[in-house]
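Anchor point for the sequence shown: position 142 equals 744 in our numbering, and the numbering is continuous, going up by one each time.
Positions of the beta carbon are idealized from the N, C-alpha and C atoms, including for glycine.
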Amino acid sequence: MPRQSKGGVINCDLGMSKPFDIELERLTGRPSYSQVFGGVAAGQRGTFFLETFGCQMNDHDSEKVAGLLLSRGYQQVQTPEAASLILYNTCSIREKAAQKVFSRLGEYREKQSEGKVIGVLGCVAQQEGEDIFKRAPWVSLVCGSASYRKLPEMLAQLEAGNQRVTGLDTDTDETFETEVTRRDNPWRAYLTIIEGCDKACSYCVVPFTRGPERSRASDSILREVRQLAVLGYSEVQLLGQTVNSYADPTPRRMRFSELLQAVADVQGIRRVRFTTSHPSDFTPDIVEAIERQPKICDHVHLPVQSGSTRVLRAMQRTYSREEYVEKIAMMRRANRPIAITTDIIVGFPGETESDFEETLSLLDEVRYDSLFSFKYSPRPNTPSLAMSDSISEEEKSRRLAVLQDRQREIQAAKNAELAGHTFEVLVSGKSRRENQWSGYTTSHRMINFASQERELLGTYVQVRVTGAGPNSLAGEHAV
Ligand code: 5AD
Ligand code: SF4
């Protein structure tokens, strides 16, 4: 699931302090990296600053890159000024995101003359390749996500005097696994189970930037989940661009729904999330797993992109509106309510007013719990780049605003219906205001609540909803 863009309709923080700016080791009692990798002193190889743009996959890749570098004797620092190595993990899903990377790189131009090494990782690295050296000659490392395993080797080459190094292969069967991952959140652990994408949506750069689909072995996933549980993580979020297309490469051939069940069965795990699901691979056994096992969260992110079958065909989305609506109906028949969220693109080439109306009517029909919405952005190499009938920026902005207004009304009404209900919340934030906390329900609703307890972070509590806005709920600790 992407993080919400400005002007969007979800993830309102209501002035909460940053949830995870606490000393993780103190909180979790977990060993430090220097203890784990006794031989290598922290900072022996220098210091690195790593900034991440983009989706949860990128966030998690950065956690793994950080773990890899820490295990090789680098020390992570919080400012580029303090670092000898500055790394950007980048996003190119929309043009704006890619532009931001180059403007940020521009800010670091003089840093190179101070002897710092500057590297570009992620989707912009993969997409632009060696052209980055032309546009920003002060960069000396360019590495796409399929090549992260080679990072230590690439850094060693730079240390040995090479001026420029690249890792740009995508034709690999490998998934990126590390001995250690430096996770940002002390309770919820991300875990990539499938990398790349084999779908070919006509607007999307991901198949080019992240390469073909590769699934991680089920036994290796389960081994990591068991380790996470021992370390005190209680929530696991399985990640993939099309997470439910998971195809176990081991002889066990575990189905995605079986994997969900097996992860939930690990002792100590209380919540299992998964994102992002593709409608075409969203099969009844996934809903049955949610019905059977309450630890599997009752939230499905199922991007529709458009409510018009004509536009869906042009997008090469492999399903019609009717087929999509049937998947929604399947979830609505489940024996417990399932929250449904989605992604929508407005202003795809050729999208008429009546196509757009169909998207609005889909919103009314499904009544999503929340959505991420985007203006279509033409991307390099994608088939839709050559399509005619582009929609003006002004019209795209208008449609986006209309869509977001409609969704805001739906969310406000849906959230209001929750008043008086009590939910279990994993507490992940503490406000600067006294006695105010925040966290998420299993259906991934954000709730701010009052409690007189002194320490709640990382615990599960019952919260009664006392008020609601379109973006979050307010409540009180029910004891
Ligand atoms: N333009 C606008 N939005 C896009 N997305 C992907 N590619 C584009 C694009 N070229 C959106 C889709 C996807 C989400 C991650 O980003 O809605 O689900
Ligand atoms: Fe992009 Fe489509 Fe793959 Fe999602 S399913 S990553 S939108 S190509």
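Gly909 sits away from Thr780, with the two beta carbons spaced by 7 angstroms or more. Of the candidates Ala791, Val744 and Ala988, the residue whose Cα lies closest to the Cα of Asp771 is Val744. Proximity to Leu861 across Arg872, Gly724, Tyr848 and Arg873 peaks at Tyr848, based on C-alpha coordinates. Within the segment 729 to 759, the complete alpha helix (DSSP H) segments of 4 residues or longer fall at 733 to 737, listed in chain order. In this structure the segment 938 to 949 touches the segment 969 to 987; the number of beta carbon pairs closer than 8 angstroms is three or more.
Contact check for Arg825 and Glu665: beta-carbon distance about 18 angstroms, past the 8 angstroms limit, so the pair fails to qualify. In the structure shown, Arg1034 adopts coil according to DSSP, grouped into three states. In the structure shown, the three-state DSSP call for Asn1050 is strand. Along the segment 922 to 983, the beta strand (DSSP E) occurs as fully enclosed runs of 3 or more residues at 941 to 948 and 972 to 977, listed in sequence order.
With the rule of 3 Cβ pairs closer than 8 angstroms, the segment 871 to 878 counts as touching the segment 899 to 907.
Runs of the alpha helix (DSSP H) lying entirely within the segment 744 to 832 and spanning at least 4 residues, in chain order: 753 to 761, 808 to 811 and 820 to 832. Residue pairing by DSSP places Ser1040 opposite Gly1031 and Asn1050 in a beta bridge. Counting every other CB atom within 10 Å of its CB across the protein chains shown gives Gln680 a total below 16, marking it as exposed. Beyond the five residues adjoining it in sequence on each side, Asn1037 comes within less than 7 angstroms, by CB distance, of Ala1052, Ser1053 and Gln1054 in the same chain, given in chain order. Contact between Ala1070 and Ala1003 is ruled out by a C-beta separation of about 23 angstroms, above the 8 angstroms threshold. The nearest non-hydrogen atom of the ligand 5AD is 6 angstroms or more from the C-beta of Ser1074. Secondary structure within the segment 839 to 905: the beta strand (DSSP E) runs of 3 or more consecutive residues, fully enclosed, are 873 to 877 and 901 to 903 (chain order). Nearest to Glu697 by C-alpha distance, out of Arg751, Phe976 and Thr777, is Phe976. Annotation for Ser979 indicates a beta carbon within 6 angstroms of some heavy atom of the ligand 5AD.
Only residues of its own chain outside the window of five on either side were considered, and among them Phe810 have a CB closer than 6 angstroms to the CB of Asn983, listed in chain order. Contact check for Val1081 and Leu1075: beta-carbon distance about 18 angstroms, past the 8 angstroms limit, so the pair fails to qualify. Residue burial is scored here from C-beta neighbours: Asn691 has at least 16 other C-beta atoms within 10 angstroms and is therefore classed as buried. Under the DSSP assignment, Leu1020 falls outside any beta strand (DSSP E); it carries neither an H nor an E label. In this structure Gly769 touches Met756 by the C-beta definition: roughly 6 angstroms separates them, less than 8 angstroms. Between the alpha carbons of Ile720 and Val838 lies a gap of roughly 33 angstroms.
Counting along the chain, the unbroken beta strand (DSSP E) around Phe651 starts and ends at Gly648 to Thr654. In the structure shown, the three-state DSSP call for Gln701 is helix.
At least one heavy atom of the ligand SF4 falls within 6 angstroms of the beta-carbon of Lys801. Per DSSP, Asn1073 lies in no beta strand (DSSP E) segment and is marked neither H nor E.
The three-state reading of DSSP puts Arg919 in coil, since its state is none of H, G, I, E or B. According to the DSSP secondary-structure assignment, Val1081 is paired through a beta bridge with no residue.
When the beta-carbon positions are compared, Ser882 and Tyr921 come within less than 7 angstroms of each other. With fewer than 16 other Cβ atoms inside 10 Å of its own Cβ, Gly763 counts as exposed.
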